[in-house]
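*Asks:* All letters in the sequence shown, in the order written, are residues 52 to 157 by our numbering.
No residue lacks a Cβ here, since even glycine has one placed at the ideal position from N, Cα and C.
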Amino acid sequence: PGRASAMPGKLLTPSPNWYCSRCSDTNPRGILGFGAKNSIFLLEVSPSQPLILGELAGHTERVTGFTFCQHPGLVDICASTSDDGTVKVWDIQTKSVLQEHSAHQV
52 PGRASAMPGK LLTPSPNWYC SRCSDTNPRG ILGFGAKNSI FLLEVSPSQP
102 LILGELAGHT ERVTGFTFCQ HPGLVDICAS TSDDGTVKVW DIQTKSVLQE
152 HSAHQV
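#1: So, D134 versus T115, is the Cβ gap smaller than 8 Å?
#2: Which residue comes first and which comes last in the beta strand (DSSP E) that contains V148?
#3: Taking only three categories from DSSP, how would you classify G116?
#4: My output table needs one value for G105: the three-state DSSP class, helix, strand or coil.
#5: According to DSSP, what are the bridge partners of T111?
#6: In the DSSP assignment, what are the bridge partners of V140?
#7: Nearest-angstrom Cα distance between Q150 and T137?
#8: Applying the 10 Å Cβ sphere with the 16-neighbour rule, what's the burial state of A87?
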């Protein structure tokens, strides 16, 4: 954990989220985040060999949406939605949830 590693083989793991229209995004630093099952995976796509940076784990059901913050000073902040009825705001540097909203019912 905490170390980036070279990514052998496939670039994106197979996932039932392929039909979701907003389950991936990139930030200006060349980080790609994408939902796969109930997690978000982070890859650095700038170098010639993509690097796996880690996983944001915390949803209990399928991830249905993912986006990075568009504010220039907050490029390492992102948000995800899930079929578990939650919206989570994450810090990709610490891989931790900053805020969670689960007030509405699914």
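*Replies:* On the basis of the supplied data:
#1: Translated into the one-based positions of the sequence shown, residue 134 becomes position 83. Translated into the one-based positions of the sequence shown, residue 115 becomes position 64. Taking 8 Å as the Cβ cut-off, D134 and T115 qualify as a contacting pair.
#2: One-based indexing of the sequence shown puts residue 148 at position 97. Its beta strand (DSSP E) spans residues 147-152.
#3: In the sequence shown, the residue the question calls residue 116 occupies position 65. Here G116 sits in strand by DSSP.
#4: Counted from its first residue, the sequence shown places residue 105 at position 54. Strand at G105.
#5: In the sequence shown, counting from the first residue as 1, residue 111 sits at position 60. According to DSSP, which records beta bridges pairwise, T111 is partnered with nothing at all.
#6: Sequence index remark: in the sequence shown, residue 140 carries index 89 (1-based). DSSP output for V140 lists A130, Q150 as bridge partner(s).
#7: Looking up residue 150 in the sequence shown gives position 99. Looking up residue 137 in the sequence shown gives position 86. The straight-line gap separating the alpha-carbon atoms of Q150 and T137 is approximately 10 Å.
#8: Here residue 87 corresponds to residue number 36 of the sequence shown, with the count starting at 1. It counts as buried.
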